[in-house]
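Data block below; observations after.
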Amino acid sequence: MVVYLIILFVVVALLFGSSAAGFLALKLVLWIVLILGVLSLLGFGFYQWRSPVIISSIPHAISYFMV
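The sequence shown runs 0 to 66 under numbering that gives the first Met the number 0.
And the structure:
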């Protein structure tokens, strides 16, 4: 998810350049990245930190070590 947001940040920067709309779009994307980063650190994001506590069954254990 974060990779997609970084790619979006770069695409917006390339498309709009240094115009006022581009600056506003870059600020918006940056705020979205910051908010999603804080939420993911608190456990409310699109992905969570992998830890052995999450593993509760064999499929979870397999996917934990495969990724």
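Every residue gets a Cβ at the ideal spot worked out from N, C-alpha and C, and that includes glycine.
Supposed close pair PHE8, VAL28 - CB separation, criterion 8 Å: The sequence position of residue 8 within the sequence shown is 9, counting from 1. The sequence position of residue 28 within the sequence shown is 29, counting from 1. About 5 Å separates the two Cβ atoms, so the contact holds.
Residues of its chain near SER50, where Cβ-Cβ distance is below 8 Å and the 5 sequence neighbours each way are ignored: Walking along the sequence shown from the start, residue 50 turns up at place 51. Confidence at SER50 is low in this model, with a pLDDT of 49, below 50, so the placement of that residue should be treated as unreliable; the coordinate-derived value is given next. No residues qualify anywhere along the chain.
CB of ALA19 within 7 Å of CB of VAL11, strictly: Along the sequence shown, one-based indexing puts residue 19 at 20. Along the sequence shown, one-based indexing puts residue 11 at 12. No, the pair does not count as a contact, with Cβ atoms beyond the cut-off.
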